[in-house]
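The next block holds one structure in the form of structure tokens; read it before the comments.
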Amino acid sequence: MSQPEQLHSLSLDYVEALLAQYRRDPASLDEQWRHYFDSLAAAGELDDGALEPSLEPPALFGGNGATTAAVSAPPAAPAASPATPEPARATEAPRTTTPTLTGDVELQRRVDDMIRNYRIRGHLFADINPLRNPPVLPEELELEGLGIKESDLDRTVSTAGIPGADTATVRE
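Using our numbering, read the sequence shown as starting at 2 and increasing by one per residue.
Written out as structure tokens, the structure reads:
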């Protein structure tokens, strides 16, 4: 028996079954397998636990479904002190964290949306059947539906995600 031809991960269950049979009754095995397991036993590789994992896998749950210390919850936050609350400031206006998009930034966002929409759904509305009426474009593929006006078509925008020049007009 050639070991590389006979033993690989695809036959692991088969070899483990043969090993169990060898441990019960070595004479019940084919001579080649018995010789193979005898050589492993002579080398000390069939000792108890030699073929088992050397480390226990970490358990997520202890007995009865209780979590182990390694997965326990973080300590609770300290209780709030009974100090006097800070007075509210009525003179400050509420702050917003997102700036208002205007001008070139808003146009760039709309152009980026148009490019993304065409990449995702444009093929579904391509006019490739000469015997059928042209398909009706959905609003998300129309300039007006994206908020791009006729006056915006000659403005320059970034084309960073498209091969070629770094900028182009919306019309291009």
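We put the CB at the ideal spot given by N, CA and C, even for glycine.
Given the structure is predicted, the values throughout are model-derived calculations rather than measurements.
What did DSSP end up calling residue i once you bin it into helix, strand or coil?
i, result
"proline 5", "Confidence in proline 5 is poor, its pLDDT being 43 and thus under 50, which makes the residue's placement too unreliable to answer from."
"alanine 127", "coil"
"alanine 161", "coil"
"alanine 44", "coil"
"alanine 169", "strand"
"arginine 136", "The sequence given here places proline at residue 136; arginine does not occur at that position. Reduced to three states, the DSSP call for proline 136 is coil."
"aspartate 153", "helix"
What number of angstroms, rounded off, separates the C-alpha of residue i from the C-alpha of residue j?
i, j, result
"valine 16", "histidine 36", "14 Å"
"alanine 18", "aspartate 48", "17 Å"
"arginine 111", "serine 12", "58 Å"
"threonine 168", "serine 159", "4 Å"
"leucine 41", "serine 29", "17 Å"
"tyrosine 119", "aspartate 14", "52 Å"
"leucine 125", "valine 137", "11 Å"
"isoleucine 163", "lysine 150", "22 Å"
"glycine 146", "arginine 122", "15 Å"
"glutamate 175", "aspartate 26", "Look at the range of the chain in this structure, 2 to 173, and you will see that residue 175 is not part of it."
"leucine 20", "aspartate 39", "11 Å"
"asparagine 130", "glycine 104", "39 Å"
"proline 135", "glycine 165", "30 Å"
"alanine 127", "glycine 148", "22 Å"
"alanine 44", "tryptophan 34", "15 Å"
Within 10 angstroms of its Cβ, does residue i collect 16 or more other Cβ (buried), or is it exposed?
i, result
"leucine 132", "exposed"
"proline 23", "The sequence given here places tyrosine at residue 23; proline does not occur at that position. Classification of tyrosine 23: buried, given that the 10 Å Cβ count is 16 or more."
"valine 106", "exposed"
For residue i, tell me which candidate among the options has the shortest Cα-Cα distance.
i, options, result
"aspartate 1", "Gln109, Asn130, Asp128 and Gln33", "Outside the displayed range of the chain (2 to 173) lies residue 1, so it cannot be described from this structure."
"serine 152", "Ala43, Arg172 and Ala161", "Arg172"
"proline 157", "Gly148, Thr170 and Ala166", "The amino acid occupying residue 157 in the given sequence is threonine; proline does not appear at that position. Considering only alpha carbons, the answer is Thr170."
Using 8 Å as the threshold, is the segment 129-146 in touch with the segment 112-119, meaning 3 or more CB pairs across them? yes
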